[in-house]
Amino acid sequence: MARAKRVVVIGAGIGGLTAGALLAWEGFAVTVLEAHVYPGGCAGTFYHKGYRFDAGATIAGGFQEGGPHQIAGALLGIEWQIERVEPAWVVHLPERTITRWGDADKWREERAAKLPELRHFWRIQEQAAEAAWQFAARLPEYPPSSLGDVLRLAAKIRLNLMLISPLALMSMGQLLDMLGVREPNARAFIDAQLLISAQTTSRHANALYGAIAVDLPRVGVYHPRGGIGNIARQLAEALAAHGGRIIYRHAVTKIERRADQTFLLHTNKGNAFEADIVIANLTPWALAELLGEAAPPALQREVRTRPSTWGAFTLYLGVPNDALPSEAEHFQVVQDLRRPLGEGNSVFISISSPHDATRAPSGMRAVTLSTHTAIAPWWTLRKNDPDGYRRRVEEYRDRLLDAAERVIPNVRSAAQLVLPGTPAAFQRFTRRPLGMVGGFPFASLLTVRGPRTGVENLWLVGDSIFPGQSTAGVTAGALRVAAEVVRSVARRRLFQAVQLSAPSVG
Ligand SMILES: Cc1cc2nc3c(=O)[nH]c(=O)nc-3n(C[C@H](O)[C@H](O)[C@H](O)COP(=O)(O)OP(=O)(O)OC[C@H]3O[C@@H](n4cnc5c(N)ncnc54)[C@H](O)[C@@H]3O)c2cc1C
108 MARAKRVVVI
118 GAGIGGLTAG
128 ALLAWEGFAV
138 TVLEAHVYPG
148 GCAGTFYHKG
158 YRFDAGATIA
168 GGFQEGGPHQ
178 IAGALLGIEW
188 QIERVEPAWV
198 VHLPERTITR
208 WGDADKWREE
218 RAAKLPELRH
228 FWRIQEQAAE
238 AAWQFAARLP
248 EYPPSSLGDV
258 LRLAAKIRLN
268 LMLISPLALM
278 SMGQLLDMLG
288 VREPNARAFI
298 DAQLLISAQT
308 TSRHANALYG
318 AIAVDLPRVG
328 VYHPRGGIGN
338 IARQLAEALA
348 AHGGRIIYRH
358 AVTKIERRAD
368 QTFLLHTNKG
378 NAFEADIVIA
388 NLTPWALAEL
398 LGEAAPPALQ
408 REVRTRPSTW
418 GAFTLYLGVP
428 NDALPSEAEH
438 FQVVQDLRRP
448 LGEGNSVFIS
458 ISSPHDATRA
468 PSGMRAVTLS
478 THTAIAPWWT
488 LRKNDPDGYR
498 RRVEEYRDRL
508 LDAAERVIPN
518 VRSAAQLVLP
528 GTPAAFQRFT
538 RRPLGMVGGF
548 PFASLLTVRG
558 PRTGVENLWL
568 VGDSIFPGQS
578 TAGVTAGALR
588 VAAEVVRSVA
598 RRRLFQAVQL
608 SAPSVG
């Protein structure tokens with residue numbers, strides 16, 4: 108029997124673990140090398156002074172029937188330890204407070220009362236999202252990178268998707284303009300949700316992608332027991348159950364391509380791992396660095412010309428139970444409608460579940476606050492002006508606490524622990540260059556990045572590839588990569604078998 112193909116996955120983020128576990132389930136010999144001491148990356152949960160804080164991601168979608176986590180879990184035999192969160196979250200605009208109910212009737216009532224300007228929008232959004240979710244559940248080969256992909260993709264398109272296809276070519280802003288939605292609160296409500304899910308606001312966000320992006324509460328937001336990091340922990344267990352292994356504290360420092368087309372992956376521990384196939388749970392910048400001069404010209408060009416993506420500023424708080432609101436566990440606050448979102452003007456706040464005693468010392472809860480921030484000023488100050496850098500950390504801490512006051516009155520006196528997280532912290536703990544997180548803004552369906560790298564048998568997974576950020580998004584991308592790896596190996600085996608059995612000529 109042929110030797111099982113050796114797969115090395117660089118990074119135990121949600122993308123790397125999902126692809127790795129699926130390939131282990133398929134019979135590949137999988138090793139995951141993870142730089143950190145626990146899995147999850149941006150969707151990890153870390154221990155600090157008795158708390159288990161969600162480092163980045165706090166809300167999880169994609170567990171509904173046909174959702175990416177549900178599909179991967181069913182294949183891998185995972186029973187997800189999750190509970191549905193209802194309401195999904197509460198949005199505080201300066202003059203309106205809107206509850207995003209998952210329950211269809213409550214949400215219809217809420218939006219009619221609080222967002223009447225958007226009444227025509229929801230009908231189109233729900234119809235588009237329904238068709239797009241159904242299409243996504245058929246695991247489309249998008250973006251196509253071969254004729255085979257195009258044919259398989261075409262076979263998965265149904266009439267309901269064709270009916271809403273004009274949205275694929277317009278921005279969410281154009282759709283809102285077309286529907287006459289100009290009211291600033293209504294626009295800010297959509298923009299704030301697009302920023303956290305599409306990494307850009309309605310002016311640039313693609314309307315079809317945006318329709319799914321604002322649909323999350325309807326299909327379900329979930330709380331993984333023990334924190335968001337439990338998704339990664341369950342994936343790591345499934346990987347081991349299917350014969351794979353994870354080696355922690357091993358950062359890959361170089362990817363070497365050998366003459367026989369296999370790979371040698373060098374680590375910071377002085378070890379080297381051989382691989383037939385490499386799955387890089389990295390951004391293109393990090394991958395190019397590991398390849399060095401061996402990076403294909405197209406990848407080198409990509410990392411030279413792509414604009415940097417967002418960073419995140421976070422605050423981790425320990426707050427007594429009785430100082431916290433009870434109506435919801437997740438909140439979004441927009442402070443000023445005239446200012447751009449992000450940079451502390453829009454803040455997402457997540458409180459650990461009251462039913463999850465593992466997350467905080469008795470009587471306390473773990474709270475994560477986050478805002479989008481441009482990375483450049485952080486790094487400039489860090490390099491040239493350490494005092495200015497410290498002042499900036501304090502300023503952002505204050506902005507986030509000001510926003511939190513809307514949800515947790517007197518948060519400054521109530522919080523017994525306040526721990527800031529800057530782009531530098533994200534770079535250190537997730538190894539993402541310059542702390543760039545969240546993947547690329549979703550402006551056009553025609554320019555999204557696929558998983559190919561220009562090096563055969565070297566694939567990207569994670570939030571840099573379609574369909575982009577979120578634990579659900581990277582899981583959908585990983586499902587596609589695992590399927591492509593299986594297909595490419597089967598194709599090669601078939602090709603070799605045909606060559607061997609072909610009568611020799613001459
Ligand atoms: C502040 C913030 C809030 C967010 N909120 C949400 C949310 O509420 N819901 C949601 O679904 N998503 C959210 N996201 C997005 C989500 O967290 C990410 O899109 C997703 O987790 C990214 O997964 P990934 O597979 O790309 O891997 P990453 O999370 O980037 O993980 C990569 C892993 O690879 C390891 N690694 C990197 N380089 C090496 C190397 N050279 N050698 C070995 N190991 C290496 C890292 O240590 C890390 O563990 C949020 C993100 C942030 C930053």
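Taking this note's numbering, the leading residue of the sequence shown gets 108, the next gets one more, and so forth. We treat Cβ as the ideally placed atom computed from N, Cα and C, and that holds for glycine.
Quick check: the region 212–227 against the region 549–564, are at least 3 beta-carbon pairs closer than 8 Å? The answer is no - the region 212–227 does not touch the region 549–564, with fewer than three Cβ pairs under 8 Å.
Return the first residue and the last residue of the beta strand (DSSP E) that E190 is part of. Here the beta strand (DSSP E) through E190 covers 189–191.
Tell me whether K361 sits in a helix, a strand or coil according to DSSP, three-state version. Three-state DSSP puts K361 in a strand.
Whole-Å CB distance - L692 paired with L182, under 8 Å assumed: Any property of residue 692 remains undetermined from this structure, which presents the chain solely from 108 to 613.
Roughly how many angstroms lie between the CA atoms of D383 and A473, to the nearest whole one? C-alpha separation (whole angstroms): 43 Å.
Backbone CA spacing between H227 and D284 [nearest angstrom]: CA-to-CA, the gap between H227 and D284 works out to about 12 Å.
To the nearest whole angstrom, what separates the beta carbons of V440 and H199, a pair I think is in contact under 8 Å? Yes, V440 and H199 are in contact; Cβ-Cβ is about 5 Å, under 8 Å.
Compute the distance between the beta-carbons of A111 and F135, then report whether it is under 8 Å. Taking C-beta atoms as the reference points, A111 and F135 count as a pair closer than 8 Å.
Alpha carbon to alpha carbon, how far is P516 from L431? About 8 Å.
Please report the distance separating the alpha-carbon of R207 from that of P223. Annotation: R207 to P223 spans about 15 Å, alpha carbon to alpha carbon.
At the 8 Å Cβ level, is P250 part of the contact set with chain D, yes or no? Of the protein chains in this structure there is only one, and it is not chain D.
Ligand 1 heavy atom lying under 7 Å from the CB of T578: Yes, since a heavy atom of ligand 1 falls inside the 7 Å radius drawn around the Cβ of T578.
What is the DSSP secondary structure of G333, reduced to helix, strand or coil? In the structure shown, the three-state DSSP call for G333 is coil.
Could you check if V614 is buried or exposed, using at least 16 other CB atoms within 10 Å of its CB as the buried criterion? Examination of residue 614 is not possible in this model, given that the chain is present from 108 through 613 alone.
Spatial distance of L274 from V518 (CA atoms): Between the C-alpha atoms of L274 and V518 there is a straight-line separation of about 42 Å.
What's the C-alpha gap between P468 and L424? For P468 and L424, the distance between alpha carbons rounds to 12 Å.
Completely contained beta strand (DSSP E) runs for the region 439–514, where each covers 3 or more residues: Within the region 439–514, the runs of beta strand (DSSP E) at least 3 residues long that lie entirely inside it are, in chain order, 453–458, 471–480.
What are the start and end residues of each continuous alpha helix (DSSP H) run of 4 or more residues lying completely inside the region 219–289, in chain order? DSSP runs (the alpha helix (DSSP H)) wholly in the region 219–289: 226–244, 254–263, 266–270, 279–285.
Please tell me whether, using a cut-off of 7 Å, the distance from the CB of E141 to the nearest non-hydrogen atom of ligand 1 is below it. Within the cutoff, so yes.
By alpha-carbon positions, which one of R513, A305, I362, A211 ends up nearest to L389? Nearest of R513, A305, I362, A211 to L389, Cα basis: I362.
Spatially closest choice to G123 from W132, A131, V139, by CA coordinates: Out of W132, A131, V139, V139 has the C-alpha closest to the C-alpha of G123.
For G333 and D463, believed in contact at Cβ under 8 Å, the rounded distance: Sure, about 7 Å apart at Cβ, within 8 Å.
Do you know offhand how far A585's Cα is from K490's? Cα-Cα distance, rounded: 36 Å.
Between the CA atoms of I335 and V581 - distance to the nearest angstrom: Distance between the alpha carbons of V581 and I335: 14 Å.
Confirm the yes/no value for this check: CB of D210, any heavy atom of ligand 1, distance under 7 Å. No, the Cβ of D210 stays beyond 7 Å of every heavy atom of ligand 1.
Note down the Cα distance separating T152 from G449, rounded to an integer number of angstroms. Going from the Cα of T152 to the Cα of G449 covers about 23 Å.
Measuring CB atoms only, is the region 237–253 touching the region 187–197, in the sense that at least three cross pairs come out at less than 8 Å? Counting Cβ pairs under 8 Å, fewer than three are found: no touch.
Taking only runs that begin and end inside the region 516–547, name each unbroken alpha helix (DSSP H) of 4 or more residues, in chain order. Listed in chain order, they are 518–521, 530–537.
Between the alpha carbons of A532 and L286, how many angstroms are there, rounded? If you draw a straight line from the Cα of A532 to the Cα of L286, it is about 42 Å long.
Simplified DSSP assignment, three categories, for D383: Shown here, D383 sits in coil according to DSSP, grouped into three states, outside any helix or strand.
If you draw a straight line from the C-alpha of D505 to the C-alpha of T421, how long is it? Spanning the two alpha carbons is a distance of roughly 11 Å.
Under 6 Å Cβ to Cβ from V454, same chain only, skipping five residues before and after it: list those, please. Only V440, L476, T478, L507, A510 meet the Cβ criterion.
Within 10 Å of its beta-carbon, does P548 have 16 or more other beta-carbons around it, so buried, or fewer, so exposed? Residue environment: P548 is assigned as buried (16 or more neighbouring CB atoms within 10 Å of its CB, all protein chains considered).
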